[in-house]
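Below is one structure, written out as structure tokens; the observations come after it.
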RNA sequence: GCCGGAGUAGCUCAAUGGCAGAGCAAUCGCUUCGUAAGCGAUAGGUUGUGAGUUCAAGUCUCACCUCCGGCUCCA
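Listed below in structure tokens is the structure:
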């Protein structure tokens, strides 16, 4: 009994118990849906982080409003359930069982094809094709520790050519408290959402008539962006990059030459036809930089040549994929292409890029493993449509990147089928506030473009040789990294990145003349300062400044005017006492230059 | 692009098919104040857009637009 031959509950580790709990609830959900909507076809229902889901092919569409009803049914059914019974079937029996369900039929066929034993698990009156892993007694699950959360469309087998099914998501934990904590955490996360904070802090906006996915930077957001751009350009110059400018538009032929066009045609803005020529808004910078490299013959002495640019790019992303600043149609990438002599030099350069990325992450207060992680994104030798065919180069490149990460002692995961078409890459993955992961920065190994563009150099022996290219971004797309930073800091950015660093507030209008002098002093030192002349109480002005997440407030009343000082208030900490203006300037300039938290 | 949901003042939100409202913000006035909201007045709307049903539509129907949650995609 109990279905699985796993160890009894006491010896199971917590993770496995939780997995079994969630998996059992997926069965329960399927049973409840079958009960309420008998015409529904069941498909699959795996365990996921924080819960489970099940994909259904409903005869009639359902909506969020139906979830409470389904949840209620689950709670009814579970009372009559205890353990799962394992039933073995052969292919013929299973196919007969699922004669009216093409999805399960397909799964049975596939299992049989692989020679695997087909097993069903039965509990109560409900049987489902399943490989096992359940709780000992469903009746003992806390009915308050799970909740159906939302509904979504999902393609059968994850392929957009297939029918779209209806996915019901559930959150599930061992105790009600854990569930409540999780739901509370989601609620808290909403307050950090960069889209919400971007509006509240007046950082950026969108306009329907400008176009979706095309952000407009308001002055304060533009300040953050400018500070970041100056920071990264200066840092890259120190590290031997050469910054260039190339146009945001180019002839279609350029992307045909690079080979990008057939791969990415659908996500490029359509060509602009003029005077019998076709131009494209650029979706990437690489070919521009390669043409720049080709402006004259190159010597081995010039390599590695690190060509960098804050490059605006335009990609016609599918409308449903756009999301705040994280996924946009127009963005600025801190981009670079490093032209290298050979694989060894390329690996040195990749390592240098990882040094830069780790330096930048540290300045942003981001911790590896916690706030970001490395992913080695690999190709697929069998997929000749998606990846350039050159098995040897793929093997070499992938192995070299893997060895490099190991040598650096970096923790990483390997992700098959995530490479660029021209080579493997190391992606630096970050999670947004809702837990969804995106690539923040990337370092790519490219053995294809040098051939397509004939990127050669003359070596010491006088021979012309082919290069290897490293594509990389240091802080990624400015839009995306700002979105991550806003969420990471819940809008309270470190001093050096804050659009307004100091707000000067007076107790009454009498001190405004003195306050203006203080403002002048701060401005002279390059500090971003704002003077509030509002005819409001100091309490109100402080409240507004705190809500705007301004790091320092300089408060001025008669006492300060008399002693030629300011009263300093620190964000989140409150009053930290009086000091001379010069003393304050010295203190915060040090903090700004240190770029620490 | 696909599935589901939403759209009312700058923001947060009300309004049985029957006069479109509140708080905050804004503007003006009073107040001149010591560390997270002082008081009063004024102004602010083609209820996302366009059709339709109805004596009557913010509310019901359809199409489109935008946003949100997913899926697919992500150079």
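Residue numbers (this note's numbering): 1 to 597.
Note that the Cβ used here is the ideal one computed from N, Cα and C, for glycine as well.
Computed from a prediction, not measured in an experiment: that's the story for all the values here.
Check whether residue i and residue j have beta carbons under 8 Å apart
i	j	result
residue 23	residue 133	yes
residue 404	residue 350	yes
residue 513	residue 504	no
residue 428	residue 441	yes
residue 330	residue 316	no
residue 189	residue 480	no
residue 283	residue 305	no
residue 94	residue 129	yes
residue 114	residue 142	no
residue 224	residue 203	yes
residue 395	residue 387	no
residue 32	residue 73	yes
residue 28	residue 70	no
residue 123	residue 156	no
residue 482	residue 501	no
residue 87	residue 34	no
residue 556	residue 518	yes
residue 228	residue 478	yes
residue 530	residue 541	no
residue 400	residue 375	no
residue 148	residue 67	yes
residue 218	residue 207	no
residue 139	residue 333	no
Closest Cα partner of residue i within the set the options
i	options	result
residue 121	469, 184, 30 and 482	30
residue 377	444, 326 and 327	444
residue 193	225, 253 and 431	431
residue 100	180, 40, 303 and 281	40
residue 392	343, 212, 374 and 359	343
residue 566	539, 522, 36 and 550	522
residue 572	346, 551, 102 and 585	551
residue 322	163, 98 and 214	214
residue 45	19, 66 and 37	19
residue 63	167, 111 and 297	167
residue 545	492, 138 and 390	492
Classification of residue i by the beta-carbon crowding that lies within 10 angstroms, buried from 16 upward
i	result
residue 547	exposed
residue 574	exposed
residue 474	buried
residue 51	buried
residue 185	exposed
residue 209	exposed
residue 581	buried
residue 409	exposed
residue 499	buried
residue 593	exposed
residue 467	buried
residue 13	exposed
residue 372	buried
residue 336	buried
residue 446	buried
residue 361	buried
residue 506	buried
residue 293	buried
residue 364	buried
residue 285	buried
residue 104	buried
residue 38	exposed
Whole-number beta carbon distance between residue j and residue i, since they are thought to touch under 8 Å
i	j	result
residue 145	residue 172	7 Å
residue 55	residue 165	4 Å
residue 453	residue 290	4 Å
residue 263	residue 459	With a Cβ gap of about 32 Å, residue 263 and residue 459 do not count as contacting.
residue 554	residue 568	6 Å
residue 279	residue 250	7 Å
residue 338	residue 469	7 Å
residue 462	residue 424	That pair is no contact at about 32 Å.
residue 85	residue 118	With a Cβ gap of about 15 Å, residue 85 and residue 118 do not count as contacting.
residue 16	residue 83	Not really, about 17 Å apart at Cβ, beyond 8 Å.
According to DSSP, residues forming a beta bridge with residue i
i	result
residue 368	372
residue 465	457
residue 352	DSSP, once it has assigned bridges, lists no residue as partnering residue 352.
residue 269	None, per the DSSP bridge assignment.
residue 53	169
residue 242	307
residue 217	204
residue 472	336 and 443
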